[in-house]
Amino acid sequence: MAAPRENVSLLFKLYCLAVMTLVAAAYTIALRYTRTSDRELYFSTTAVCITEVIKLLLSVGILAKETGSPGRFKASLRENVLGSPKELMKLSVPSLVYAVQNNMAFLALSNLDAAVYQVTYQLKIPCTALCTVLMLNRTLSKLQWVSVFMLCGGVILVQWEPAQATKVVVEQNPLLGFGAVAIAVLCSGFAVLASVGGLYTSVVVKYTDNIMKGFSAAAAIVLSTIASVMLFGLQITLTFALGTLLVCVSIYLYGLPRQDTTSIQQGEIASKERVGGT
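Residue numbers for the sequence shown follow my numbering, so the first one is 12 and each next one is one higher.
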């Protein structure tokens, strides 16, 4: 049985949802804008390193606030970090995977439009689902399998005739971009099994449900598409629109709670026993 979620207000949940949506959309748009600039490009590895350093500082600050005193802060670091070398080694695996994933995001957004990237990157959902089935022996409901195939079909439509950005003058390689997204998706599917990436994602996972997270992903796709039309002159095609719609619907369907069939099956058995007894 899943652990009960902490009782928080709807306003706080909506706040987490809004921030996560805006962060996802703004990150993609900003990264795309900086990677298609006619100025000299920065090293993606430097940006990834700075991002992780910032998250480290924020995490240390949050830990210091939670412990309340320098003594307990040092004791917590000594116990959970310096005193647990095996745990650190285990965490180094998803950390390395996330480093590859983040660098692939830079490469992908150098060759794909932000909206196309946002839609295609949702392949992380079926990739994660397959990892949980194959590696953790978990099962998916029929609706989840339908949503997985629907999502894959939507991504195929988007890639079949990608939307073109008329205001981007740099040379792009869509095939290279898709390959980078594929690697990022595989990394994401594997790393999710070990940890949750991003500080705000952790908050949303703790205080919200799958439906709200699915809505956030769909909203981020819509915001990225609107921003791409305005900033990069994105020309939306019919196949892109249909593929995006399929992806958004499949995200929602995948996040729906699974129906508890135990009581239904017990009721059917009891009904058959009563019929047989008469």
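C-beta atoms are modelled at their ideal positions from N, C-alpha and C, and glycine is treated no differently.
Residue i in three-state terms, based on DSSP
| i | result |
| --- | --- |
| residue 155 | helix |
| residue 245 | strand |
Rounded straight-line distance, which links the Cα of residue j to that of residue i
| i | j | result |
| --- | --- | --- |
| residue 118 | residue 197 | 15 angstroms |
| residue 105 | residue 142 | 14 angstroms |
| residue 127 | residue 78 | 43 angstroms |
| residue 53 | residue 149 | 42 angstroms |
| residue 185 | residue 109 | 23 angstroms |
| residue 40 | residue 73 | 28 angstroms |
| residue 55 | residue 183 | 17 angstroms |
| residue 238 | residue 89 | 46 angstroms |
| residue 120 | residue 189 | 10 angstroms |
| residue 64 | residue 159 | 35 angstroms |
| residue 51 | residue 92 | 39 angstroms |
| residue 101 | residue 107 | 11 angstroms |
Which listed residue (the options) has its alpha carbon closest to that of residue i
| i | options | result |
| --- | --- | --- |
| residue 140 | 128, 157, 125 | 157 |
| residue 199 | 111, 246, 239, 268 | 111 |
| residue 370 | 229, 45, 83 | Look at the range of the chain in this structure, 12 to 289, and you will see that residue 370 is not part of it. |
| residue 136 | 238, 234, 47, 195 | 195 |
| residue 36 | 233, 241, 247 | 233 |
| residue 248 | 170, 192, 241 | 170 |
| residue 181 | 76, 165, 122 | 122 |
| residue 241 | 152, 107, 176, 224 | 176 |
| residue 116 | 49, 193, 161 | 193 |
| residue 262 | 191, 187, 86, 161 | 161 |
| residue 75 | 67, 246, 84 | 84 |
Close beta carbons around residue i, own chain, < 6 angstroms, minus the five adjacent residues each side
| i | result |
| --- | --- |
| residue 227 | 28, 31, 32 |
| residue 168 | 250, 253, 254 |
| residue 206 | Legend: pLDDT at residue 206 = 43, less than 50; position of this residue unreliable, value from coordinates given subsequently. Excluding sequence neighbours, residue 206 sits near 105. |
Close Cβ partners of residue i (< 7 angstroms) along its chain, the five nearest in sequence each way excluded
| i | result |
| --- | --- |
| residue 25 | none |
| residue 95 | none |
| residue 129 | 39, 231, 232, 235 |
| residue 114 | 55, 56, 59 |
| residue 151 | 140, 144 |
Beta-carbon contacts of residue i that lie in its chain and below 8 angstroms, excluding the five residues immediately before and after
| i | result |
| --- | --- |
| residue 179 | 47, 124, 243, 244 |
| residue 155 | 140, 264, 265, 269 |
| residue 163 | 134, 137 |
| residue 22 | none |
| residue 20 | none |
Subject >> Three CB pairs or more closer than 8 angstroms across the segment 244-261 and the segment 53-68 >> reply: Here the segment 244-261 makes no contact with the segment 53-68; the two share fewer than three CB pairs at distances below 8 angstroms.
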